[in-house]
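Undergrad: Residue 259 in this note's numbering is what sits at position 144 of the sequence shown, and the numbering runs on without skipping anything. The structure under discussion is supplied below as structure tokens; questions concerning it will follow.
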Amino acid sequence: MKKKIFSLSIATVIGMSSFIPLNTEAAQQQEIQNKKQEVQSNIDDKKKEISQLDVKSKEMEATITKINSKVKETTRNIETTTNEIKQAKQEMGTLKEKIKLTKHSIQERKKLLKNRARSIQLNDGGSMNYITAVVEAESLGDLFDRVVAVSTFVQADRNILQEHKKDQETLEKSEQALNQKLAEIQKSLAKLEELKEQLNYQIADKNSLLASLKEQQENAKGELGSLEDQKAALAQQEKEAQVQQEKERIAAQKLVKAVENNNTNVNNNTSNGNESNSTANNNATNSTTNHTSNPPSSEVVYQGSNSVEVAIQVGSSIVGRSPYKWGGGRTNRDIQNRLFDCSSFVRWAYASAGVNLGSITGTNTDSLVRRGRAVSASQMKRGDLIFFNTYKTNGHVGIYLGNGKFLNDNTSHGVSIDSLSNRYWKGTFTGVVRRVVE
């Protein structure tokens, strides 16, 4: 009877001991559930944010459509003005040719009048020659012919003088018309320059809107991807906890059954029960420890300078052969076709060297600027990440090569090697540097 009571007591103790790790697992399960609910709430909020971004995207697209319409209209105005200038230049050429011919005609008439005057002077000049020609007529018919001839000469001289005066007036009017044409052309040129400047501003506005849209979409999708990863990790933890809990429940049942079947050896059962409890508690402790381990910090700095050289070699291999793509480098297709933006290019280059700077979809300048550790611009070395304030703070990133050079993927040239002494890059670099490999 005492053996039965003692056996029952041991079974009770074993049952309580087995219940302790089960309670621990239940608490862990509840903690995971709470985290899952929190992550799901964040996912819902992020999807709502993305939905709002879609609305803003449509508004931006409408704005961009209007800008495109203005650009097309401006382009038509430029073409019209260019044609007007071309036509005006043709008219100027024709006008100059006419002026040239008019000047030549005037010069010829001047020569004729000079010769006529010289002839009259050589024959004792003036009107006396005309009178002598009439008086010396030999007959009435000869007189008539002489009078007609004299009148013709006089009228011819008058006509020459009138044509000379008329041509001079024509020349003056032509010069005035030419000056007017020149003034109109100058106005047209000024208008053309103004239209070009307006077009450049409109294109800049369009690029700014596109950049803002792409950046917001990129960040939202990256954050959503991170949340989905957290959700998947929590689901895996929950599954592992359930498996562990089931294992411990089965072990406890087996232990109680073993005690009941071996009442004749209380001491051995008690010893076995203690060992089983100890094992169960150790398993529970190990399980709890594994499930509460901290994820790697984003401040990890990788060791090994070879990684830097490999990353630079890989990135430099596509200089001049990889065009820039907004939001590119976040799909296998883009990576295979070497289509990146600045942040995905840096991530890809270092990933090729075995250095993880983030996920394919979740890496951007905002995440890269938190990687590694900060160093001063005066201490930066080959392989450091350097950031530029382009369309936003730290909106562009590149890999420093040394001697004022850096490797990057930009909108103007795609993957290229540029200099910090360049006026644009010098003006946008504020000294933000991160070291990801020692």
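Ideal Cβ placement from N, Cα and C applies to all residues, glycine included.
Indicate the three-state DSSP secondary structure (helix, strand or coil) for Thr545 in the structure shown.
TA: Walking along the sequence shown from the start, residue 545 turns up at place 430. Of the three classes helix, strand and coil, the one that applies to Thr545 here is strand, per DSSP.
Undergrad: Which value, in whole angstroms, describes the spacing of the CA atoms of Lys296 and Ala203?
TA: As a first step, residue 296 is located in the sequence shown; it is residue number 181 there, counting from the start. As a first step, residue 203 is located in the sequence shown; it is residue number 88 there, counting from the start. Taking the straight line joining both Cα atoms gives about 7 Å.
Undergrad: What are the boundary residues of the beta strand (DSSP E) that Asn523 is part of?
TA: Residue numbering aside, residue 523 sits at position 408 when the sequence shown is read from its first letter. Taken as a continuous stretch (DSSP letters only), the beta strand (DSSP E) holding Asn523 covers 520 to 525.
Undergrad: Check whether the Cβ atoms of Gln352 and Ile147 sit closer than 7 Å, and answer yes or no.
TA: Numbered from its first residue, the sequence shown carries residue 352 at position 237. Numbered from its first residue, the sequence shown carries residue 147 at position 32. Cβ atoms of Gln352 and Ile147: closer than 7 Å.
Undergrad: Can you find a CB in chain B that lies within less than 7 Å of the CB of Ile427?
TA: The structure shown contains no chain B; it is built from a single protein chain.
Undergrad: On the three-state DSSP scale, how would you describe Ala468?
TA: Taking the sequence shown and counting its residues from 1, one reaches residue 468 at position 353. Looking at Ala468 - three-state DSSP - the assignment turns out to be coil, as it is neither helix nor strand.
Undergrad: Lys151 and Leu349 - do their beta-carbons sit closer together than 7 Å?
TA: Position 234 of the sequence shown, counting from 1, holds the residue named residue 349. Position 36 of the sequence shown, counting from 1, holds the residue named residue 151. Yes, these two residues count as a Cβ contact at 7 Å.
Undergrad: Hey, how far is the Cα of Ile285 from the Cα of Arg191?
TA: To locate residue 285, count along the sequence shown from 1; it is residue 170. To locate residue 191, count along the sequence shown from 1; it is residue 76. It is Thr, not Ile, that sits at residue 285 in the sequence shown. So the alpha carbons of these two residues sit roughly 37 Å apart.
Undergrad: Rounding to the nearest angstrom, what Cα-Cα distance links Lys162 and Ala326 in this structure?
TA: Here residue 162 corresponds to residue number 47 of the sequence shown, with the count starting at 1. Here residue 326 corresponds to residue number 211 of the sequence shown, with the count starting at 1. Whole-angstrom Cα-Cα distance: 21 Å.
Undergrad: To the nearest angstrom, how far is it from the Cα of Gly435 to the Cα of Gly442?
TA: Working through the sequence shown from its first residue, we reach residue 435 at position 320. Working through the sequence shown from its first residue, we reach residue 442 at position 327. If I take the Cα positions, the gap works out to 19 Å.
Undergrad: Which residues in the same chain have their Cβ closer than 7 Å to the Cβ of Ser341, if we skip the five residues on either side of it in sequence?
TA: Here residue 341 refers to the residue found at position 226 when the sequence shown is read from its first residue. Gly477.
Undergrad: According to DSSP, simplified to helix, strand and coil, what is Tyr539?
TA: Within the sequence shown, residue 539 is the residue found at index 424, counting from 1. Three-state DSSP puts Tyr539 in a helix.
Undergrad: Can you grab the Cα-Cα spacing for the pair Ala305 / Glu312, in whole Å?
TA: The sequence position of residue 305 within the sequence shown is 190, counting from 1. The sequence position of residue 312 within the sequence shown is 197, counting from 1. If you take the alpha carbons of Ala305 and Glu312, they lie about 11 Å apart.
Undergrad: What's the gap between the Cα of Lys321 and the Cα of Gly510?
TA: Sequence index remark: in the sequence shown, residue 321 carries index 206 (1-based). Sequence index remark: in the sequence shown, residue 510 carries index 395 (1-based). Approximately 17 Å between the Cα atoms of the pair.
Undergrad: Would you mind working out which of Val484, Gly487, Cys457 sits nearest Ser527, comparing C-alpha positions?
TA: Along the sequence shown, read from residue 1 onward, the residue named residue 527 stands at position 412. Among Val484, Gly487, Cys457, the Cα nearest to that of Ser527 is on Cys457.
Undergrad: Out of Glu153, Gln167, Leu500, state which residue places its alpha-carbon closest to the alpha-carbon of Thr545.
TA: The sequence position of residue 545 within the sequence shown is 430, counting from 1. The shortest Cα separation from Thr545 among Glu153, Gln167, Leu500 belongs to Leu500.
Undergrad: Between Gly487 and Val551, which are expected to be in contact by the criterion C-beta below 8 Å, what is the C-beta distance as a whole number of angstroms?
TA: Residue numbering aside, residue 487 sits at position 372 when the sequence shown is read from its first letter. Residue numbering aside, residue 551 sits at position 436 when the sequence shown is read from its first letter. Contact flag correct, Cβ pair sits at about 4 Å.
Undergrad: On the DSSP letters alone, give me the boundaries of the beta strand (DSSP E) that Arg488 sits inside.
TA: Translated into positions along the sequence shown, residue 488 becomes position 373. Segment 488 to 490, the beta strand (DSSP E) holding Arg488.
Undergrad: Kindly indicate which three-state DSSP category Val551 falls into: helix, strand or coil?
TA: Numbered from 1 along the sequence shown, position 436 holds the residue referred to as residue 551. Coil at Val551, not helix or strand.
Undergrad: With DSSP as the reference, please indicate the residues paired to Gly513 in a beta bridge.
TA: Start at 1 with the first residue of the sequence shown, and residue 513 comes out as number 398. Note: Gly513 sits in a beta bridge opposite Ile501, Asn523.
Undergrad: Using the rule of at least 16 other Cβ atoms within 10 Å of the residue's Cβ for burial, across every protein chain shown, is Ile365 buried or exposed?
TA: Residue numbering aside, residue 365 sits at position 250 when the sequence shown is read from its first letter. Per the 10 Å Cβ criterion, exposed.
Undergrad: So who's on the other strand from Ser422, going by DSSP bridges?
TA: The sequence position of residue 422 within the sequence shown is 307, counting from 1. Partner(s): none; Ser422 has no beta bridge.
Undergrad: I think Ser531 touches Lys520, with their Cβ atoms under 8 Å apart; what is that distance to the nearest whole Å?
TA: By one-based count along the sequence shown, residue 531 stands at place 416. By one-based count along the sequence shown, residue 520 stands at place 405. Contact flag wrong, Cβ pair sits at about 10 Å.
Undergrad: Buried or exposed for Val470, please, with buried defined as at least 16 other CB atoms from any protein chain shown within 10 angstroms of its CB.
TA: Against the sequence shown, residue 470 aligns to sequence position 355. Buried, because 16 or more other Cβ atoms sit within 10 Å of the Cβ of Val470.
Undergrad: Taking just the CA atoms, how far does Glu343 sit from Arg549?
TA: For this step, residue 549 is matched to residue 434 along the sequence shown. For this step, residue 343 is matched to residue 228 along the sequence shown. So the alpha carbons of these two residues sit roughly 27 Å apart.
Undergrad: Quick check on Ser482: buried or exposed, where buried means 16 or more other Cβ atoms within 10 Å of its Cβ?
TA: By 1-based counting over the sequence shown, the position of residue 482 is 367. It counts as buried.
Undergrad: Express the C-alpha separation of Thr180 and Asn198 in angstroms, rounding to a whole number.
TA: Counting from 1 along the sequence shown, the entry for residue 198 is found at position 83. Counting from 1 along the sequence shown, the entry for residue 180 is found at position 65. Roughly 27 Å separates the two Cα atoms.
Undergrad: Tell whether a beta-carbon distance below 7 Å holds between Ile433 and Arg453.
TA: In the sequence shown, counting from the first residue as 1, residue 433 sits at position 318. In the sequence shown, counting from the first residue as 1, residue 453 sits at position 338. In this structure, Arg453 lies closer than 7 Å to Ile433 by Cβ.
Undergrad: Out of Asp169, Gly337, Ser254, which one is the CA nearest neighbour of Ile475?
TA: Locating residue 475 in the sequence shown gives position 360, where the first residue counts as 1. Taking only the C-alpha atoms, the option nearest Ile475 is Gly337.
Undergrad: Count the other CB atoms within 10 Å of the CB of Thr178; is the residue buried (16 or more) or exposed (fewer)?
TA: Position 63 of the sequence shown, counted from the first residue, corresponds to residue 178. The residue in question, Thr178, is exposed, as its Cβ has fewer than 16 Cβ neighbours within 10 Å.
Undergrad: Taking DSSP's pairing of strands, which residues face Val263 in a bridge?
TA: Counting from 1 along the sequence shown, the entry for residue 263 is found at position 148. Answer is none; Val263 lacks a bridge partner.
Undergrad: How is the alpha helix (DSSP H) around Ser482 delimited, first residue to last?
TA: For this step, residue 482 is matched to residue 367 along the sequence shown. From DSSP, the alpha helix (DSSP H) with Ser482 extends over 480 to 483.
Undergrad: Based on the DSSP secondary-structure assignment, which residues constitute the bridge partners of Gly529?
TA: Here the question's residue 529 lines up with position 414 in the sequence shown. In the DSSP output, where bridge partners are listed per residue, Gly529 has Asn525.
Undergrad: Under a Cβ-count criterion, where at least 16 other Cβ atoms within 10 Å of its own Cβ denotes burial, should Asn479 be classed as buried or exposed?
TA: As a working mapping, residue 479 is identified with position 364 in the sequence shown. The residue in question, Asn479, is buried, as its Cβ has 16 or more Cβ neighbours within 10 Å.
Undergrad: Considering only residues of the same chain and omitting the five flanking positions on each side of Glu290, which have a CB-CB separation below 8 Å?
TA: Along the sequence shown, read from residue 1 onward, the residue named residue 290 stands at position 175. Excluding positions up to five away in sequence, the list reads Ile214.
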